[in-house]
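Just so you know, numbering that gives the first Met the number 0 puts 112 at position 113 of the sequence shown, and the rest follows in order with no gaps.
Glycine included, each C-beta is placed from N, C-alpha and C at the ideal position.
Written out below as structure tokens is the structure these notes cover.
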Amino acid sequence: MINPPFTFKIEARQDRARAGKFYTPHGVLNTPVFAPVGTQASVKSLTPDQLTNINTSLVLANTYHLHLHPGDELIKELGGLHRFMYWSGPILTDSGGFQVFSLAKNRHIDNDGVTFRSHIDGSTQRLDPEKSISIQENLGADIIMAFDECSDPYDKEYVREAMVRTHAWAERCLQVKTRSDQALFGIVQGGIFEDFRQESAEHIADLEFPGNAIGGLSVGETKSEMHTILELVDRVLPENKPRYLMGVGTPEDLVNGISRGVDIFDCVLPTRLARHNTAMTRYGQRLNVVNAQYTRDAQPLDQQCDCYTCQNFSRAYIRHLIISKEMLAATLLSIHNLHTLINLAHDIRLSILAGNFDDFANRFFQIRSELELDQGGN
Ligand SMILES: [Zn+2]
Numbered sequence: 000m001i002n003p004p005f006t007f008k009i010e011a012r013q014d015r016a017r018a019g020k021f022y023t024p025h026g027v028l029n030t031p032v033f034a035p036v037g038t039q040a041s042v043k044s045l046t047p048d049q050l051t052n053i054n055t056s057l058v059l060a061n062t063y064h065l066h067l068h069p070g071d072e073l074i075k076e077l078g079g080l081h082r083f084m085y086w087s088g089p090i091l092t093d094s095g096g097f098q099v100f101s102l103a104k105n106r107h108i109d110n111d112g113v114t115f116r117s118h119i120d121g122s123t124q125r126l127d128p129e130k131s132i133s134i135q136e137n138l139g140a141d142i143i144m145a146f147d148e149c150s151d152p153y154d155k156e157y158v159r160e161a162m163v164r165t166h167a168w169a170e171r172c173l174q175v176k177t178r179s180d181q182a183l184f185g186i187v188q189g190g191i192f193e194d195f196r197q198e199s200a201e202h203i204a205d206l207e208f209p210g211n212a213i214g215g216l217s218v219g220e221t222k223s224e225m226h227t228i229l230e231l232v233d234r235v236l237p238e239n240k241p242r243y244l245m246g247v248g249t250p251e252d253l254v255n256g257i258s259r260g261v262d263i264f265d266c267v268l269p270t271r272l273a274r275h276n277t278a279m280t281r282y283g284q285r286l287n288v289v290n291a292q293y294t295r296d297a298q299p300l301d302q303q304c305d306c307y308t309c310q311n312f313s314r315a316y317i318r319h320l321i322i323s324k325e326m327l328a329a330t331l332l333s334i335h336n337l338h339t340l341i342n343l344a345h346d347i348r349l350s351i352l353a354g355n356f357d358d359f360a361n362r363f364f365q366i367r368s369e370l371e372l373d374q375g376g377n
């Protein structure tokens with residue numbers, strides 16, 4: 000049976016958790032899914048083959064960075080992002096909004112868009128909904144994002160202003176979008192305020208995007224505030240479309256997010272930790288592999304992990320690579336950290352399909368509490 004692009008089929012549900020399939024022009028996403036971040040059209044230190052070997056299905060790339068360098072026009076000229084970075088699977092690009100609000104200098108926001116100085120060369124740049132869509136159309140990802148404004152989650156007046164602009168900008172993005180082989184997702188904002196989140200989720204749901212994202216979380220709020228917002232948004236957003244929780248990706252966030260109806264996650268954390276010599280275990284422990292205690296440690300990073308790194312290399316060897324400043328250290332740690340999250344999302348998917356996600360989640364939090372890792376819990 001042929002499924003038109005951007006069909007979302009829910010295969011199984013357990014309470015609020017869902018296992019589904021999202022069809023894109025470059026393949027099917029089996030959800031829940033975790034997406035590595037390739038900011039500059041490269042998941043740092045890994046080849047596409049290595050990404051495939053750890054079962055990566057979706058890769059994220061950053062509009063802001065690629066627009067500034069090498070330029071979206073150049074990428075279009077060279078055949079689009081899939082060809083340029085040699086990734087034949089699904090790609091998602093963000094709108095550039097988050098980076099403008101977190102990286103760019105001298106930003107000035109008006110109702111029409113944002114003027115800012117490039118963090119690279121200080122040049123004056125302008126990003127607005129129309130420009131963001133045009134850049135994302137040049138890049139050619141399968142999933143593209145509406146241009147939104149992410150505010151300080153606690154500053155109520157600013158959160159309201161940013162939310163109102165985000166809604167107006169979402170409509171402008173829909174109006175100027177031209178490519179039918181790209182799914183444009185809307186983004187819910189509203190900080191930690193339940194009334195705003197309700198309003199924003201209703202507004203975005205009414206615009207009937209083929210998928211919806213929850214933005215402005217994991218930006219300084221508590222875990223319990225994040226969970227309250229996720230539960231609220233989950234009740235409002237349409238069930239039959241994928242939900243993407245932006246920029247969230249620790250093991251416990253995956254279990255907590257999926258149990259609150261989230262299907263897609265991305266985060267720089269696993270590759271960032273890898274570059275800081277840190278391994279992440281399935282239950283959220285962090286090992287700083289450079290520590291002297293690992294000098295003679297013949298164990299793998301994580302005893303229970305079946306990734307290429309853990310099957311073949313000891314902590315002592317990886318520590319040696321780090322101290323010798325060998326690039327392979329970042330590669331081996333990135334393989335392990337990404338595998339941990341991708342495989343966790345996959346195992347959760349299997350547990351939902353088998354009808355035992357409850358047991359899976361209970362056991363996960365039980366082990367975390369035995370390891371004395373849990374604070375937010377379930
Ligand atoms: Zn591993």
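Whether residue i touches residue j by CB criterion (8 Å)
i, j, result
"residue 147", "residue 70", "no"
"residue 44", "residue 330", "yes"
"residue 321", "residue 267", "no"
"residue 141", "residue 89", "yes"
"residue 197", "residue 149", "no"
"residue 93", "residue 59", "yes"
"residue 87", "residue 25", "yes"
"residue 65", "residue 91", "no"
"residue 307", "residue 29", "no"
"residue 298", "residue 314", "yes"
"residue 282", "residue 370", "yes"
"residue 351", "residue 11", "yes"
"residue 166", "residue 202", "yes"
"residue 181", "residue 143", "yes"
Alpha-carbon to alpha-carbon, residue j and residue i
i, j, result
"residue 285", "residue 1", "43 Å"
"residue 48", "residue 304", "20 Å"
"residue 368", "residue 223", "17 Å"
"residue 376", "residue 336", "At residue 376, the pLDDT of 40 sits below 50, so the modelled position is not reliable; the number obtained from the coordinates is stated separately. In a straight line, the C-alpha of residue 376 is about 22 Å away from that of residue 336."
"residue 348", "residue 250", "14 Å"
"residue 55", "residue 33", "8 Å"
"residue 95", "residue 354", "38 Å"
"residue 23", "residue 271", "28 Å"
"residue 158", "residue 211", "19 Å"
"residue 301", "residue 100", "36 Å"
"residue 155", "residue 191", "9 Å"
"residue 217", "residue 248", "9 Å"
"residue 364", "residue 184", "32 Å"
"residue 220", "residue 262", "21 Å"
"residue 7", "residue 231", "22 Å"
"residue 151", "residue 311", "44 Å"
"residue 175", "residue 27", "26 Å"
Where residue i falls, given that 16 or more other Cβ within 10 Å makes a residue buried
i, result
"residue 324", "exposed"
"residue 136", "buried"
"residue 194", "exposed"
"residue 279", "buried"
"residue 104", "exposed"
"residue 205", "exposed"
"residue 199", "buried"
"residue 252", "buried"
"residue 50", "buried"
"residue 113", "buried"
"residue 98", "buried"
>> Measuring CB atoms only, is the region 252 to 259 touching the region 12 to 23, in the sense that at least three cross pairs come out at less than 8 Å?
In response: The region 252 to 259, when compared against the region 12 to 23, does touch it at the 8 Å Cβ threshold.
>> Does the region 233 to 248 come into contact with the region 37 to 53, if we say contact requires no fewer than three beta-carbon pairs (one atom in each stretch) closer than 8 Å?
In response: Taking a cut-off of 8 Å for Cβ pairs, the region 233 to 248 and the region 37 to 53 do not touch, as fewer than three such pairs fall below it.
>> Closer than 8 Å is the cut-off here; do at least three beta carbon pairs connect the region 292 to 307 with the region 113 to 129?
In response: no
> Looking at C-beta atoms only, is the number of pairs between the region 107 to 114 and the region 67 to 83 that lie closer than 8 Å three or more?
Replying inline: no
> Which full runs of the beta strand (DSSP E) of 3+ residues lie inside the region 189 to 255, going along the chain?
Replying inline: 210 to 213, 242 to 244
> Along the chain, which unbroken stretches of the beta strand (DSSP E) at least 3 residues long are found entirely within the region 35 to 94?
Replying inline: 58 to 60, 90 to 92
>> Just to be sure I understand the criterion: a residue counts if its Cβ is closer than 6 Å to at least one heavy atom of ligand 3. Which residues meet that?
In response: Annotation note on ligand 3: not contained in the displayed structure, which lists ligand 1 as its ligands.
>> What ranges does the beta strand (DSSP E) occupy inside the region 273 to 332, keeping only unbroken runs of at least 3 residues that lie completely in it?
In response: 277 to 279, 285 to 287
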